[in-house]
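Residue numbers (my numbering): 9 to 134.
Each residue gets a CB set at the ideal place from its N, CA and C atoms; glycine is no exception.
Owing to the predicted nature of the structure, the values given are computational and were not obtained by experimental measurement.
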């Protein structure tokens, strides 16, 4: 295993009953959370829920829309802030298996202060 710095005896992949030698961030399984509905007749304005919308350019590489009823500009989907719960759970598992905060940061790519805050939230660490 090329990433065998810290051998882990538990499931890493989001699929059940699979063992993956790669960290979750490098997992080759595609993300199945794809909500890219571009059919304008189904899309609704988040402000007034009208279905009369038009394309209105791009913002940061994403299609922007404008409601023809209320004039509100919006994107089809917005990025959520933070990390997925599966990454948080994985980092906590690594910590409770004995890995240091900085080692988790190097392996997963999550800042060590973020992992410390997650540990504080879940236990009486300090």
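- Rounded to the nearest angstrom, the gap between the Cα atoms of residue 97 and residue 76 is 43 Å.
- Sequence-distant partners of residue 99 (beyond 5 residues in either direction) whose C-beta falls short of 7 Å from its own C-beta, in its chain, are 112, 116, 118, 123 and 126.
- Taking the Cα positions, residue 66 is about 38 Å away from residue 129.
- By the neighbour-count criterion, in which a residue is buried when 16 or more other Cβ atoms sit within 10 angstroms of its Cβ, residue 73 is buried.
- One Cα belongs to residue 57, the other to residue 95, and the distance between them is close to 34 Å.
- For residue 99, the enclosing alpha helix (DSSP H) covers residues 93-104.
- Looking at the DSSP output, residue 61 bridges to 75.
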